[in-house]
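First comes the structure, then the notes that go with it.
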Amino acid sequence: SIPGFCLLSAIRSCSQHLNSFGGHKMAAGITIETEKIEQFAADFEDYAKQNLNENDIEAKLHIDAAAPLETFRKETVTELQLLGPFGQGNPEPTFATKGVRLASPPRRVGAGREHLQLAITDNTAAIRCIGFRFGKLEKKLLETEFFNVAYKPQINTYNGSSNVEFILTDIQFE
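Be aware that the sequence shown starts at 25, since it is given in my numbering, and climbs by one per residue.
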């Protein structure tokens, strides 16, 4: 679910269509007969329309801190990982850096070439990044000099070598 919308209340409001259900405000499971799915979906959508507004469904990204790229040395990222394990009660921190540019051209990767590998710089450091399902942004990145990024830093170990890498969560074009 999304913050501010109780999934269990929504399901309860149209439970007459269900064989069984359970869960809590952020996640739930249901058992339903195939022929009742359409009416359940319609009633669920009606409930959502009555209980959500535009602001509720607008995508939001929580940024824990803005920092220059030089902040994320291997030692710092290793220390950040000590804050884990990460999950719903302890979300992994998300950071942002404004005014970065490409340090190397983006490259599509993955079976469907839907992911994007790139390196960024803010003139304090250069860091490799991976953006899952960001492949569609390749052209825009090549056409844009400066952009802003949100990311989760991690240590990537490959062939015995460990380096800082960002998992991109968003790119904002200026």
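For each residue, glycine too, the CB sits at the ideal point set by N, CA and C.
This one's a predicted model, so the numbers in the text were calculated from it and none came from an experiment.
- The closest CA to that of Gly-108, considering only Ser-186, Phe-29, Lys-176, is found on Lys-176.
- Here the alpha carbons of Pro-129 and Tyr-71 stand approximately 46 Å from one another.
- For Arg-132, the enclosing beta strand (DSSP E) stretches over residues 119 to 133.
- Just so you know, the alpha carbons of Leu-140 and Ala-52 end up roughly 33 Å apart.
- Collapsing the DSSP output to three states places Glu-167 in a helix.
- Rounded to the nearest angstrom, the Cβ distance from Gly-123 to Asn-172 is 7 Å, consistent with a contact under 8 Å.
- Spanning the alpha carbons of Leu-32 and Ile-191 requires a straight line of approximately 32 Å.
- Here Ala-174 is buried: its Cβ has 16 or more other Cβ atoms, across all protein chains shown, within 10 Å.
- Residues Ala-52, Gly-53 of the same chain have their beta carbon placed closer than 7 Å to that of Gly-46, with the five preceding and five following residues left out of the count.
- Residue environment analysis places Phe-197 among the exposed positions, since fewer than 16 neighbouring C-beta atoms fall within 10 angstroms of its C-beta.
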